[in-house]
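Chains as they are written, first to last, in our numbering: chain A, 1 to 198; chain B, 1001 to 1198. We put the beta carbon where it would ideally sit given N, CA and C, even for glycine. None of these values were measured; they are calculated from a predicted model. What follows is a short report on a single structure.
Protein chains: 2
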Amino acid sequence: MGTPQGPGGLPLARVAPRPVLAPPSPRVGEIIAVAREVLEKEGAAALTMRRLGELLGIRAPSLYKHLAGKSQLEVRLVDAALVEVGDLLHGVVDRADAASVLGDLLAAYRAHARAHPNLYRLVTSGPMRRDQLTAGVEDWAGEPFYRATGEPYLAQALWAAAHGTVILELDGRYLPGSDLDRTWAALTAAFSRPVDGA
Amino acid sequence: MGTPQGPGGLPLARVAPRPVLAPPSPRVGEIIAVAREVLEKEGAAALTMRRLGELLGIRAPSLYKHLAGKSQLEVRLVDAALVEVGDLLHGVVDRADAASVLGDLLAAYRAHARAHPNLYRLVTSGPMRRDQLTAGVEDWAGEPFYRATGEPYLAQALWAAAHGTVILELDGRYLPGSDLDRTWAALTAAFSRPVDGA
DNA sequence: CGGATTGGCTAACACTGTTAGCCTCATTTC
DNA sequence: GAAATGAGGCTAACAGTGTTAGCCAATCCG
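Structure representation (structure tokens):
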């Protein structure tokens, strides 16, 4: 009974297809893997071309034999991260029922961001170069919010609210001493009752 | 009238005092003013020490006779911006009544961020150096959300949701063709009915 | 008058992403 | 087998960043 879809009964079924990323060459795959490790373990400031070269045993300029530049490397990381988070959230929605789907989704979103804070920041901060992203990857990552709400703009608002709540948490922007579980509970409650205005 | 506070009737009265920023020396005030202009009109990437010096008629190293560094300059900008947005939002709440306060607050927050996107990003992105900020400035800027909701954690969730919704708008992260007025309407609606769970 | 302080300057350092040009080695092609 | 080609490394260098050190003129104050 994974995904019931009774009249008005969420969660909805999947619609967006899971995107397939263009498989990188072995060396490029290696570079991306190292880049992700550096980003996650050492932070965004450590993600430099020279640091990557160091870990790969080559000099920074040699990286340009494989990649057009640092921004392209970042796009690859974002691409993969969006597919991953989409997989995670779709799985959560698959396993949830109407009563708990919204809370489960928000909890999973928060947990994922806290487990990969630097990757999360890379994915969500700054303007997005859509043309460089693999097609459909944003739809894939965002659809779980639609499946959980049943209305596109409510889904967008929920995603945005979740993002705001978690990015402020990652950056330590709440007043010291705040019990963030209660903040998340308040957010969940706000979106948990039927909303007419759309 | 201005701020009724009947039992359960929002908006609440002000509590946090309006912070007073330490007045900078004339030259420092000039630097801050130029910095803000560069940031707002030319973007964060143009906010460099050399660019500031250029506009002030001096060389970059001379700026260090007045400021400890770029990050301190940024803190000054954030300080002033937080007081400003606090003034704005408190004024909105002052003028609103219980029925419309939430919508008015969110609309004002959104409008202000869109009018000063680069300043908004500076204020809200990255970790905050609380020790450098003027005391009480965060409380001042955040209190309108408490006045509009009457519950601290709901206020935090509302602020976080507003931030998420507007920062994604500024960075153009919504799917192309989205009617963001509807997204904001959905957000407003979600927070507009009484919430028990806290 | 004589220090002391203020506020400018140049030179330089360490770091960033990135380009140009060279060279070696493996592979493919005649 | 020889020759050409391309992949993938290298060093040197450039323009840009924040920042420090050290020098120097002017101004202020006792």
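Using a Cβ-Cβ distance under 9 Å, would Ala-162/A count as near chain B?
-> Within the first sequence, residue 162/A is the residue found at index 162, counting from 1. Chain B contact via Cβ: present.
Establish whether the CB of Thr-48/A and some CB of chain B are separated by less than 9 Å. The residue labelled residue 48/A in the question sits at position 48 within the first sequence. At least 9 Å separates the CB of Thr-48/A from every CB of chain B.
- Task: Please confirm if the segment 1108-1120 of chain B is in contact with the segment 1051-1066 of chain B, defined as three or more CB-CB distances below 8 Å between the two stretches.
- Result: The segment 1108-1120 of chain B vs the segment 1051-1066 of chain B: no contact.
Exercise. Exposed or buried, Gln-72/A, counting other C-beta atoms within 10 Å across all chains shown (16 or more means buried)?
Worked result: Residue mapping note: residue 72/A aligns to position 72 of the first sequence, counting from 1. Looking at its Cβ environment, which holds fewer than 16 other Cβ atoms inside 10 Å, Gln-72/A is exposed.
Near-chain B residues of the segment 65-85 of chain A - C-beta to any C-beta below 7 Å
Residues: none.
If you draw a straight line from the C-alpha of Tyr-120/A to the C-alpha of Ser-1100/B, how long is it? On the first sequence, position 120 is the one that residue 120/A refers to. On the second sequence, position 100 is the one that residue 1100/B refers to. Spanning the two alpha carbons is a distance of roughly 35 Å.
- Nearest candidate by alpha-carbon position, reference Gly-43/A, set Asn-118/A, Leu-10/A and Ala-35/A: The residue given as residue 43/A occupies position 43 in the first sequence. Nearest C-alpha to Gly-43/A: Asn-118/A.
So that I know if they touch, is there some Cβ in chain B lying closer than 9 Å to that of Trp-184/A?
Walking along the first sequence from the start, residue 184/A turns up at place 184. Interface residue, yes.
Inset, instruction - Go to Tyr-1109/B, then tell me how far its alpha helix (DSSP H) extends in each direction, as first and last residue. - result: As a working mapping, residue 1109/B is identified with position 109 in the second sequence. Boundaries of the alpha helix (DSSP H) around Tyr-1109/B: 1101-1115.
| query | Could you give the distance in angstroms between the alpha-carbon of Thr-1149/B and the alpha-carbon of Val-83/A? | reply | Looking up residue 1149/B in the second sequence gives position 149. Looking up residue 83/A in the first sequence gives position 83. The straight-line gap from Cα to Cα measures roughly 37 Å.
Worksheet entry | Leu-1021/B (DSSP reduced to helix, strand or coil) | Along the second sequence, read from residue 1 onward, the residue named residue 1021/B stands at position 21. In this structure, Leu-1021/B counts as coil in the three-state DSSP scheme.
| task | Report yes or no: is there a C-beta of chain B within less than 9 Å of the C-beta of Thr-124/A? | result | Taking the first residue of the first sequence as position 1, residue 124/A is located at position 124. Yes, Thr-124/A lies at the interface with chain B (some Cβ there is under 9 Å from its Cβ).
inquiry  = Quick check on the burial criterion: 16 or more other C-beta atoms within 10 angstroms. Buried or exposed for Pro-1203/B?
reply    = The shown model of chain B, from 1001 to 1198, leaves out residue 1203/B, and the question about it has no answer.
Check: Are Thr-1165/B and Ala-160/A closer than 9 Å when you measure CB to CB?
Finding: In the second sequence, the residue the question calls residue 1165/B occupies position 165. In the first sequence, the residue the question calls residue 160/A occupies position 160. Between Thr-1165/B and Ala-160/A, the CB-CB gap stays under 9 Å.
Closest Cβ-Cβ distance between Asp-131/A and chain B: below 9 Å? Residue mapping note: residue 131/A aligns to position 131 of the first sequence, counting from 1. Taking Cβ atoms only, chain B never reaches closer than 9 Å to Asp-131/A, which makes this a no.
Check: Taking C-beta to C-beta, are Ala-1186/B and Glu-54/A nearer than 9 Å?
Finding: Counting from one through the second sequence, the residue named residue 1186/B turns up at place 186. Counting from one through the first sequence, the residue named residue 54/A turns up at place 54. Against a cut-off of 9 Å, the Cβ pair of Glu-54/A and Ala-1186/B comes out as no contact.
Pull up the distance between the alpha-carbon of Gly-29/A and that of Ala-45/A, whole angstroms please. Here the question's residue 29/A lines up with position 29 in the first sequence. Here the question's residue 45/A lines up with position 45 in the first sequence. Annotation: Gly-29/A to Ala-45/A spans about 21 Å, alpha carbon to alpha carbon.
Beta-carbon neighbours of Leu-1039/B, restricted to chain A and to distances below 7 Å
Translated into positions along the second sequence, residue 1039/B becomes position 39. None at all; the shortest Cβ gap to chain A is about 16 Å.
Span separating the alpha-carbon of Lys-70/A from that of Ala-80/A: As a first step, residue 70/A is located in the first sequence; it is residue number 70 there, counting from the start. As a first step, residue 80/A is located in the first sequence; it is residue number 80 there, counting from the start. Roughly 16 Å separates the two Cα atoms.
Requested in this report: From the DSSP output, in three-state form, read off Leu-12/A for me.
Outcome: Here the question's residue 12/A lines up with position 12 in the first sequence. Correct three-state label for Leu-12/A: coil.
Secondary structure at Ala-68/A, three-state DSSP: helix, strand or coil? Your numbering for residue 68/A matches position 68 in the first sequence. Judged by DSSP in its simplified three-state form, Ala-68/A adopts coil rather than helix or strand.
Among His-1163/B, Tyr-1174/B and Ser-1125/B, nearest to Ala-155/A - alpha-carbon criterion
Along the first sequence, one-based indexing puts residue 155/A at 155. Looking from the CA of Ala-155/A, the closest CA among His-1163/B, Tyr-1174/B and Ser-1125/B belongs to Tyr-1174/B.
- Task: Consult DSSP for Tyr-1120/B and reduce its assignment to one of helix, strand or coil.
- Result: Sequence index remark: in the second sequence, residue 1120/B carries index 120 (1-based). When secondary structure is reduced to three states using DSSP, Tyr-1120/B falls in the helix class.
- Collapsed DSSP secondary structure at Arg-1076/B in the structure displayed: In the second sequence, the residue the question calls residue 1076/B occupies position 76. Residue state, collapsed to three classes: helix.
Should Leu-187/A be flagged as near chain B, meaning a C-beta pair shorter than 9 Å? The residue given as residue 187/A occupies position 187 in the first sequence. For Leu-187/A, the nearest CB of chain B lies under 9 Å from its own CB, placing it at the interface with that chain.
Comparing C-alpha positions only, which one of His-1163/B, Ala-1157/B and Pro-1023/B sits nearest to Asp-181/A? Counted from its first residue, the first sequence places residue 181/A at position 181. Of the candidates His-1163/B, Ala-1157/B and Pro-1023/B, the one whose C-alpha sits nearest the C-alpha of Asp-181/A is Ala-1157/B.
- Task: Go to Thr-149/A, then tell me how far its alpha helix (DSSP H) extends in each direction, as first and last residue.
- Result: One-based indexing of the first sequence puts residue 149/A at position 149. 137-149 is the span of the alpha helix (DSSP H), which, as asked, contains Thr-149/A.
message = What would DSSP say about Gly-1086/B, mapped onto helix, strand or coil?
response = Taking the second sequence and counting its residues from 1, the one referred to as residue 1086/B is at position 86. Secondary structure at Gly-1086/B: helix, using DSSP grouped into helix, strand and coil.
- [ ] Please list the partners that Phe-1191/B has in chain A, where partner means a Cβ-to-Cβ separation under 8 Å.
- [x] As a position in the second sequence, residue 1191/B is number 191, starting the count at 1. What Phe-1191/B touches in chain A: Ala-190.
- request: Check whether the Cβ atoms of Ala-141/A and Gly-86/A sit closer than 9 Å, and answer yes or no.
  value: Indexing the first sequence from 1 puts residue 141/A at position 141. Indexing the first sequence from 1 puts residue 86/A at position 86. Yes, Cβ-Cβ distance for Ala-141/A and Gly-86/A is below 9 Å.
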